[in-house]
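A.B. asks: Chain order of the listed sequences is A and B. Take the first sequence: its position 62, counting from 1, is numbered 62 in my numbering, and each next residue is one higher. If you count the second sequence from 1, you need to add 93 to reach my numbering. Even for Gly, the Cβ is constructed at its ideal location relative to N, Cα and C. Quick caveat: nothing in here was measured; it's all calculated off a predicted structure.
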Amino acid sequence: MAFTPLSIYALAVSLRDAEGFAQVQGWLQAWPVRAAVAIALWSLVHHLLAGIRYLFLDVGRGSDLVSATISARAVTYAGAVTLAGFALWVLAR
Amino acid sequence: MHGSGLNAWLVQRVTAVYLALFLIALPFVVASMPALDFEHWRALLARPVFNVSVGLFYVALLSHAWVGGRDVAIDYVPNLPLRLVVLSALAFALIGSFVWVVATLVPVMAL
């Protein structure tokens with residue numbers, strides 16, 4: 001939730017002038033910032049996948065116990081895979 | 094339908110679909126920029142279609158956050174005066190964020 005105002009702030013600074021744009025790029029070079037962004041993106045991807053799962057449940061698909069268990073695991077594992085990807089981005093620094 | 098929660102449910106789902114489509118499209122839009130520098134970034138945001146799409150993204154995000162935050166407050170803050178304080182604080186924060194987004198995007202748009 002804290003990332004909503006932070007994203008607006010970053011957007012505003014990046015659009016101000018060339019120095020502001022470079023400033024935001026500079027923030028994204030620091031590993032603690034990257035680590036925080038990686039965790040936020042992981043949360044977001046998990047939320048997105050779990051949300052798509054709920055949309056399928058809404059229309060009555062995958063509601064049986066076996067399918068629901070499989071899709072729940074798939075969402076959690078897919079989120080973990082993206083976290084690994086974001087971790088590589090942090091370590092690339 | 095008042096009080097059934099159907100409105101909140103519908104707002105949550107409709108905003109979710111827009112948020113999902115925007116977030117999936119965004120990396121492709123950024124990747125299609127000729128170069129990732131200030132001039133191209135500013136030019137991208139100056140395009141009314143993208144400018145308004147970003148504005149709608151934040152409207153959807155803040156509305157989505159209101160439904161989710163309200164659900165959490167209803168489920169976990171049983172004390173009604175305290176719940177009112179929590180929901181008021183959330184509403185002010187979300188509306189303030191919306192004003193900030195408008196103030197950020199409107200001056201950049203090419204009319």
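1. How big is the Cα-Cα spacing for B:A153 and A:D58?
2. Using only the alpha-carbon positions, how far apart do B:L99 and B:R106 sit?
3. Going residue by residue through the region 19–59 of chain A, where are the continuous alpha helix (DSSP H) segments of at least 4 residues, counting only ones entirely within it?
4. Find the residues of chain A that neighbour B:R176, judging by a C-beta separation of less than 9 Å, and give them in chain order.
5. In this structure, does DSSP put B:V178 in helix, strand or coil?
6. Identify, in the order they occur along the chain, each residue of the same chain with its Cβ nearer than 8 Å to the Cβ of A:A10, setting aside the five sequence neighbours on each side.
7. Classify A:D64 as helix, strand or coil using the three-state DSSP reduction.
8. Closer than 8 Å is the cut-off here; do at least three beta carbon pairs connect the region 30–39 of chain A with the region 67–79 of chain A?
9. Rounded C-beta distance between B:W193 and A:I8? I'm assuming under 8 Å.
10. Chain A partners of B:R135, CB-CB under 7 Å?
11. Starting from the beta carbon of B:V104, find every residue of chain A whose beta carbon is closer than 8 Å, and list them in chain order.
12. Under a Cβ-count criterion, where at least 16 other Cβ atoms within 10 Å of its own Cβ denotes burial, should B:L198 be classed as buried or exposed?
13. Counting only the same chain and skipping the five closest in sequence on each side, list residues whose C-beta sits under 7 Å from that of A:R93.
C.D. replies: According to the structure shown:
1. 20 Å
2. 10 Å
3. 31–58
4. Chain A residues near B:R176: none, gap ~18 Å exceeds 9 Å.
5. helix
6. V24 and W27
7. coil
8. no
9. 5 Å
10. L15
11. What B:V104 touches in chain A: nothing, since even the nearest Cβ is about 14 Å away.
12. buried
13. Q29, W31 and R34
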